[in-house]
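Trainee: Protein chains in written order, with our numbering: chain P, 1033 to 1353; chain D, 1033 to 1353; chain X, 6 to 327; chain S, 6 to 327. The following block contains the structure, expressed as structure tokens.
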Amino acid sequence: MTDPVDLYRTIRYIRRFEERAIELVTAGEIASGIHPCIGQEAVGVGVCANLTADDIVLSSHRGHGHLLAKGCDPALVMAEMCGRVTGIDKGRGGSFHPSDLRANVYNATGTVGHGAAIAAGIAFTCRPGQVVVNFFGDGAVTQGALLEGFNLASLLRLPVVYVCENNGYATTLPVGTAVAGSITGRGEAFGIPSSTVDGQDVEVVMAAAREAVRRARDGGGPTLLEFTTYRYYGHHTFELKARLRYRTQDEIDRWRERDPLDIQAARVPADVRAEVDARIEAELDEVVAFAVGSPRPDPVAALDYMYTDGPRARAGVAGDA
Amino acid sequence: MTDPVDLYRTIRYIRRFEERAIELVTAGEIASGIHPCIGQEAVGVGVCANLTADDIVLSSHRGHGHLLAKGCDPALVMAEMCGRVTGIDKGRGGSFHPSDLRANVYNATGTVGHGAAIAAGIAFTCRPGQVVVNFFGDGAVTQGALLEGFNLASLLRLPVVYVCENNGYATTLPVGTAVAGSITGRGEAFGIPSSTVDGQDVEVVMAAAREAVRRARDGGGPTLLEFTTYRYYGHHTFELKARLRYRTQDEIDRWRERDPLDIQAARVPADVRAEVDARIEAELDEVVAFAVGSPRPDPVAALDYMYTDGPRARAGVAGDA
Amino acid sequence: MPKLSYLKALHRALGDEMDRDPDVFVLGEDMKFALTNVTAGFLDRFGPSRVLEMPLTEQGFTNFATGAAMAGKRPVVEFQIPFLLLLVFEQITNQANKFRLMSGGQLSVPATYLCPAAGWRAAWGAQHSDQPYSLFAHMGVKTVLPATPTDAYGLLVSAIRDDDPVVFFGPIATMGVREDVDYATLGPVPLGVGRVHRPGDDVTVVAVGHLVHDALAVADELAGEASVEVFDPRSVYPFDWAGLAASLEKTGRLVVIDDSNRSCGLGGEILATAAEEMRLVAPPKRVTRPDGAMVGASPELDVALQPTRQQLAEAVRRVLKS
Amino acid sequence: MPKLSYLKALHRALGDEMDRDPDVFVLGEDMKFALTNVTAGFLDRFGPSRVLEMPLTEQGFTNFATGAAMAGKRPVVEFQIPFLLLLVFEQITNQANKFRLMSGGQLSVPATYLCPAAGWRAAWGAQHSDQPYSLFAHMGVKTVLPATPTDAYGLLVSAIRDDDPVVFFGPIATMGVREDVDYATLGPVPLGVGRVHRPGDDVTVVAVGHLVHDALAVADELAGEASVEVFDPRSVYPFDWAGLAASLEKTGRLVVIDDSNRSCGLGGEILATAAEEMRLVAPPKRVTRPDGAMVGASPELDVALQPTRQQLAEAVRRVLKS
Ligand SMILES: Cc1ncc(C[n+]2csc(CCOP(=O)(O)OP(=O)(O)O)c2C)c(N)n1
Ligand SMILES: Cc1ncc(C[n+]2csc(CCOP(=O)(O)OP(=O)(O)O)c2C)c(N)n1
Ligand SMILES: [Mg+2]
Ligand SMILES: [Mg+2]
């Protein structure tokens, strides 16, 4: 999946998928709102371009792009975001914490930064040559538990690629005021090869990730890749209503000048793009129709999936359980 | 307190104080057992030699040396270790978690590594020129919460000196198998000036700490000092009974060749030493007599000091509270 | 009289205390832009040395607050999501809350942990909608859960002035609750003292947090059938056992509605203490979340996992019959 | 018959499961030298790939275990001190225990958290002697607290084989308890199923953990006065409510002895559920630690903070009188 057109298609697909999702948020179909990755698509696409179906991804709360790039069925992902039983997690994961074992995408924990050690634990079980990629943001590197994960991954020389999507902010907090020292310095402190790479050009991302993935496959242990990138839509769709003044329009515009979709589009002939774009629109119509048309969970199933076996939890009132 | 004789006296005092304490452990007077710092005395003494009464120390579970070096009353410290009401904490702190505000020694938390951020919080309240020193071990650097403390201290440029006593082991775990990368690298990752220093020669320790303390006093922010040192008696006095094979006698003997007491003794004339030693023995007789002779807490006071005010906790049986 | 919302009451209480006492300061995430709105305008009003923007470092800044508190400050630590209080559970319950005893009373830790967002967040996922107040009560940490703007104001003030750690839970569902208040009468509300919202003779309904408002609605609805007393302890720990006993002396019948998980929750503690020590003429009942409820996965399921007015009305009817 | 100690039973159960199932592995601090003795000899027996030495990184290795478990392994995570379970409270209760639901049942987290050192450590300080099992029950995490070597063996085996996270509390005070066993009869004990240690007709004493042995002693001591049934639920969550109901059908009188803190503890949950749903002819009683007890400061004080046989005998007598 390293052909320029394929890369373009996936970026374009994620972009349009989330634009449609934002419409569904506004329409009230996605109750949680979403954390759009629009502007960051090249990172997930460029990294996952180096992965096989066998490799494992542990995503973050900003994960739609990772899921689609790893090969999840878009209709089932959208259904999940809409809280429908047809979703990848039967409507129990939602937009923030998706998992889809069919595509080897494991549970994205809501506890920012804690995926790093979970990823190490998954990597501990990997067959030789199999790789785990853990995506997280710049805010996650200030969570001690993430650094504990780095220590374990390095000590055990585990096949993990840590991908930090540095989009400049943790919610409203600028990375410079949150991170003393540097992000890559945190990797190096644990003996992990670490580098900072442009996250807007998918082919640059892909090349940097290729080396890290190869190191992991060859038993060379973990790598930390910090990709500089940017989210156009803010932290969460609530920013569509509540305008927060933590960044300037000017800053947003400057980043849009290095839009990952435009950068890759320039490498694909116009007619090819037109065809790709048209097919994506057609597919997304079906994706949205499937999601919105799917049934919502039945309240009587509220206690399902809590436990594998054993007695069910007692209900909140005596008598009826 | 930087005169060679004073330095010798304090090291000698701590050495003999803990040797007497070990006797009290064997005699059953110190119910918890202790974590002897014998072999590491030069670190606490050399660091605290740079502190004023106004400066603050946050110690660790291996803290007797820090307390005496900071100027706590040895009789009250020994009484505390014996669980007597005359102790610095009225017998509620014990050997592991002492605090003594008279000497500006704050509570040593039992949660290894968590003192780093507590120290940052104390430093946030410091008057200009006042300094906080936080002692911890090599095991503490693998606790994420400690690194969160480093980040906060560096971001806020707080007057903290972080002193890592690298004695080679966390209980039975060799530092090399616990710490990927390096200890100083963890400080540098957060933009904290960090260095590794010989912890056996008190004058070398004192010089290294002098610079770090000055930086803190002058508003230059935190420093991390890693002192290489060694504990002769093992992690805790339970090792006197349970011989653990995590280290060789040969290793212990090699470290004893660079004994901090011998190194400093060589700088003090024999006659002066004889006088100092004699006085210490006499004082310690009184210290032990005071501690052992002091009353134990009264069980009816078991719920005292839990809360500053408000209703007392309900007893474990209804009726009698 | 002006209408004061619960959220505005928190904003006012914290601001008033910061005006009154220079040792009070607030720290947390997204402080600068006051994401929860509790600290709206505080950065300009009090400056960056008293409104501390913190990185995504909850354990670190909770310990930081402990240190500052031991040294004489009165930090108010804001947590935007209830599970963050689980993440710092050891730092609050095993460290901050024990240091006073461990020091033999030499020092205290006057820190306040403010969660102005407790409870259900529709579809945010099962990790974001807990009500962990019973956990802090079990560990002996002073814990309050006010239901009204006046009580929110008064208990936040008292929490900040208290010399021990206090956890303040403000339910999301109450943030919009508004009340007519005469600002002049706003003042501290003591910890551990409950409040009878509505006197009654036949049955005592103990309700906490946002469920107080549901209990009052149910009491109205049942007015024709029975005289329902609605008791709001306001504090989870210490609990106003004397207030509860006084109410049960009168009614002898007890129903509790509590948004925490059933097993080892506040509702259970109230039933247990009443059964052991107080006057009961009929078996008591509680309406709670299920055991270990995982709320937040999806709106339809979430509603089925939280106590309802129908469940309360039904429980009251049953207790009155037995 | 050979005598088996509780500690040896844990060692044997873990060893047997590691022999039986190659996916079972153990991780924790001081594994190499088996400081707690549970894993004595395991490094040589199973090798470093199944006996993982971990740094002082509890949250990290708890999350690590979650990852390995999601990927099909059965990690057993050892914690040497009970407060370490508070330190990883969020990782177990809000992450490992919720991932199955959040994944719509796609994956499970068959991790076991083994604390072979729960409860009082004389003079180690107030941070090292907690009994936090009620907290995990509140959060809906399967939690067991066996009292005897046979039950310790059987419940550790079941915990490891269970497909969900299970916290195993082994009280320090039981480690030395010895029992005559026929090794051939050792086998799994199901979660959520209690055990009547001593049948009786007049009063049901529910005891957990090391207090089961005290309850049996008190039952003997009171033999002349009353016929005491001693019921040990063995699991804290899920709880054997049917077993308790059956006992109360017979006796109608209830006393609980529980080493956890009073407020919102297991003892309270048992009283509450019994009062709400079961047959009681007299007010029930519980003997517990005080509210938010801080145990461990000094031996004299600690003894005063833990349930005693005298308190139990007195409570039983009162319940029989009322
Ligand atoms: C431990 C923790 N703290 C706080 C939160 C609330 N929260 C969710 S996302 C987020 C910002 C994360 O920023 P970053 O890691 O940079 O990822 P980004 O949102 O920029 O993709 C915060 C603070 C959380 N979920 N977990
Ligand atoms: C967070 C935490 N984990 C584990 C323990 C148990 N423990 C107490 S001291 C210790 C070893 C600490 O080693 P180090 O930091 O090197 O200090 P040293 O004992 O060598 O002085 C351990 C594991 C604890 N108290 N806190
Ligand atoms: Mg970010
Ligand atoms: Mg060490």
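Virtual Cβ for every residue (Gly too), placed ideally from N, Cα, C.
Quick one: measure Cβ to Cβ for P115/X and D167/X, integer angstroms, because I've assumed they're closer than 8 Å.
Mentor: Within the third sequence, numbered from 1, the residue matching residue 115/X stands at position 110. Within the third sequence, numbered from 1, the residue matching residue 167/X stands at position 162. Going by Cβ atoms, the distance from P115/X to D167/X rounds to 7 Å, so yes, they are a contact pair.
Trainee: Between T1340/D, G1078/D, E1313/D, which has its C-alpha nearest R1052/D's C-alpha?
Mentor: Reading the second sequence from its first residue, position 20 is the one you call residue 1052/D. Taking only the C-alpha atoms, the option nearest R1052/D is E1313/D.
Trainee: So, for I1295/P: in the same chain, excluding its five sequence neighbours on each side, which residues have a beta-carbon less than 8 Å away from its beta-carbon?
Mentor: Working through the first sequence from its first residue, we reach residue 1295/P at position 263. For I1295/P, where only same-chain residues beyond five positions count, the Cβ hits under 8 Å are A1074, Q1232, D1233, V1234.
Trainee: Please classify P53/S as buried or exposed, where buried requires at least 16 other C-beta atoms within 10 Å of its C-beta.
Mentor: Locating residue 53/S in the fourth sequence gives position 48, where the first residue counts as 1. Answer is exposed; the Cβ neighbour count stays below 16.
Trainee: What does K37/S reach in chain D if we use C-beta pairs closer than 7 Å?
Mentor: For this step, residue 37/S is matched to residue 32 along the fourth sequence. Correct list: T1204.
Trainee: Thinking C-alpha only, which one of A1244/P, A1274/P, V1195/P is nearest T1204/P?
Mentor: Here residue 1204/P is taken as the residue at index 172 of the first sequence, counted from 1. Looking at the Cα atoms, A1274/P is the closest of the given residues.
Trainee: So, is E95/S buried or exposed, given that buried needs 16 or more other C-beta atoms within 10 angstroms?
Mentor: The residue you call residue 95/S lines up with position 90 of the fourth sequence. Label assigned to E95/S: buried.
Trainee: On the premise that G77/X lies in contact with D24/X, defined as a C-beta separation below 8 Å, what is that separation, rounded to the nearest angstrom?
Mentor: The residue given as residue 24/X occupies position 19 in the third sequence. The residue given as residue 77/X occupies position 72 in the third sequence. Between G77/X and D24/X the Cβ distance is about 19 Å, and since that is not below 8 Å, they are no contact.
Trainee: Looking at C-alpha atoms only, which residue of L221/X, M180/X, Q100/X is the closest neighbour of A1140/D?
Mentor: Walking along the second sequence from the start, residue 1140/D turns up at place 108. Ranking L221/X, M180/X, Q100/X by Cα distance to A1140/D puts Q100/X first.
Trainee: Using a Cβ cut-off of 8 Å (strictly closer), state whether D316/S contacts chain D.
Mentor: Locating residue 316/S in the fourth sequence gives position 311, where the first residue counts as 1. Going by the sequence as given, residue 316/S is Gln instead of Asp. Yes, contact with chain D.
Trainee: At a cut-off of 7 Å, would you count E1073/P as near ligand 2, judging by its Cβ distance to the nearest heavy atom?
Mentor: To locate residue 1073/P, count along the first sequence from 1; it is residue 41. The answer is no for E1073/P.
Trainee: With 16 other CB atoms within 10 Å as the buried threshold, where does G1208/P fall?
Mentor: Reading the first sequence from its first residue, position 176 is the one you call residue 1208/P. Exposed.
Trainee: Could you compute how far the alpha carbon of G1223/D sits from the alpha carbon of G1171/P?
Mentor: Taking the first residue of the second sequence as position 1, residue 1223/D is located at position 191. Taking the first residue of the first sequence as position 1, residue 1171/P is located at position 139. Using only the alpha carbons, I get a separation of about 17 Å.
Trainee: Expressed to the nearest angstrom, what Euclidean distance is found between the alpha-carbon atoms of V1211/D and Q85/S?
Mentor: The residue labelled residue 1211/D in the question sits at position 179 within the second sequence. The residue labelled residue 85/S in the question sits at position 80 within the fourth sequence. Roughly 20 Å between the two C-alpha positions.
Trainee: To which residues does DSSP link T1255/P through a beta bridge?
Mentor: Residue 1255/P sits at position 223 when you count from the first residue of the first sequence. According to DSSP, T1255/P bridges with V1193/P.
Trainee: At what residues does the beta strand (DSSP E) containing E234/X begin and finish?
Mentor: For this step, residue 234/X is matched to residue 229 along the third sequence. Looking at the DSSP string, the run of the beta strand (DSSP E) that includes E234/X is 233-237.
Trainee: Would you tell me roughly how many angstroms separate the C-alpha atoms of N193/X and N42/X, rounded to the nearest one?
Mentor: Here residue 193/X is taken as the residue at index 188 of the third sequence, counted from 1. Here residue 42/X is taken as the residue at index 37 of the third sequence, counted from 1. According to the sequence shown, residue 193/X is Pro rather than Asn. One C-alpha to the other measures close to 22 Å.
Trainee: Less than 7 Å between C-beta atoms, sequence neighbours within five positions excluded: which residues of the same chain meet that for T67/S?
Mentor: If you number the fourth sequence from 1, residue 67/S lands on position 62. Closer than 7 Å at the Cβ level, and outside the excluded window around T67/S, lie V82, V93, Q96, I97.
Trainee: Tell me the rounded alpha-carbon separation between R1124/D and V324/S.
Mentor: For this step, residue 1124/D is matched to residue 92 along the second sequence. For this step, residue 324/S is matched to residue 319 along the fourth sequence. In a straight line, the C-alpha of R1124/D is about 36 Å away from that of V324/S.
Trainee: Between P27/X and chain D, is any beta-carbon pair separated by less than 8 Å?
Mentor: Sequence index remark: in the third sequence, residue 27/X carries index 22 (1-based). So, not an interface residue.
Trainee: Which of the residues in the region 287-316 of chain S, read from start to end, lie with their CB under 8 Å from any CB of chain X?
Mentor: Cβ contacts with chain X: P288, P289, K290, R291, D296, G297, A298, M299, A302.
Trainee: Short of 7 Å in beta carbon distance, which residues of its chain neighbour D185/S, apart from the five on each side in sequence? Order them along the chain.
Mentor: Locating residue 185/S in the fourth sequence gives position 180, where the first residue counts as 1. Closer than 7 Å at the Cβ level, and outside the excluded window around D185/S, lie M6, K8.
Trainee: Express the C-alpha separation of M1110/D and E63/S in angstroms, rounding to a whole number.
Mentor: By one-based count along the fourth sequence, residue 63/S stands at place 58. By one-based count along the second sequence, residue 1110/D stands at place 78. Distance between the alpha carbons of E63/S and M1110/D is about 32 Å.
Trainee: Answer with yes or no whether the minimum CB distance from N1183/D to chain P is below 8 Å.
Mentor: As a position in the second sequence, residue 1183/D is number 151, starting the count at 1. True, the Cβ-Cβ gap to chain P drops below 8 Å.
Trainee: Given the structure, does N68/X come close to ligand 1, in the sense that its CB is under 7 Å from one of the ligand's heavy atoms?
Mentor: Taking the first residue of the third sequence as position 1, residue 68/X is located at position 63. Because no heavy atom of ligand 1 lies under 7 Å away, the Cβ of N68/X does not count as near it: no.
Trainee: Suppose the cutoff is 8 Å on Cβ atoms and the five residues either side in sequence are ignored; what does the same chain contact list for G1251/D look like?
Mentor: For the purposes of this step, residue 1251/D is identified with residue 219 of the second sequence, where counting begins at 1. P1160, R1189, P1191, listed in sequence order.
Trainee: Quick check: the region 218-235 of chain X against the region 307-325 of chain X, are there 3 or more CB pairs under 8 Å?
Mentor: Touching, yes.
Trainee: Hey, would you say V261/S sits closer than 8 Å to G272/S, going by beta carbons?
Mentor: Translated into positions along the fourth sequence, residue 261/S becomes position 256. Translated into positions along the fourth sequence, residue 272/S becomes position 267. Going by C-beta atoms, V261/S is nearer than 8 Å to G272/S.
Trainee: Which of the residues in the region 125-142 of chain S, read from start to end, lie with their CB under 9 Å from any CB of chain D?
Mentor: Listed in sequence order: R126, A127, A128, W129, G130, A131, Q132, H133.
Trainee: Measuring only between beta-carbons, confirm whether Y1194/P sits less than 8 Å from chain S.
Mentor: Position 162 of the first sequence, counted from the first residue, corresponds to residue 1194/P. For Y1194/P, the answer is no, since every Cβ of chain S falls outside 8 Å of its Cβ.
Trainee: For S1064/P, which of helix, strand or coil comes out of DSSP?
Mentor: Here residue 1064/P refers to the residue found at position 32 of the first sequence. S1064/P: coil per DSSP, three-state reduction.
Trainee: Enumerated in chain order, which unbroken segments of the alpha helix (DSSP H) with a length of 4 residues or greater are wholly contained in the region 72-151 of chain S?
Mentor: Runs found: 88-92, 104-107, 138-143.
Trainee: Please say whether Q1072/D and N1199/D have beta carbons closer to each other than 8 Å?
Mentor: Position 167 of the second sequence, counting from 1, holds the residue named residue 1199/D. Position 40 of the second sequence, counting from 1, holds the residue named residue 1072/D. The answer is yes: Cβ separation under 8 Å.
Trainee: F1322/D by DSSP, collapsed to three states: which one?
Mentor: On the second sequence, residue 1322/D is found 290 positions in, with the first residue counted as 1. In this structure, F1322/D counts as helix in the three-state DSSP scheme.
Trainee: Measuring only from the beta carbon, is L89/S closer than 7 Å to any heavy atom that is part of ligand 2?
Mentor: Locating residue 89/S in the fourth sequence gives position 84, where the first residue counts as 1. True, at least one ligand heavy atom lies under 7 Å from that Cβ.
Trainee: By the criterion of Cβ-Cβ separation under 9 Å, what are the contact partners of T117/X in chain D?
Mentor: Locating residue 117/X in the third sequence gives position 112, where the first residue counts as 1. Result: empty, since nearest Cβ-Cβ is about 14 Å, beyond 9 Å.
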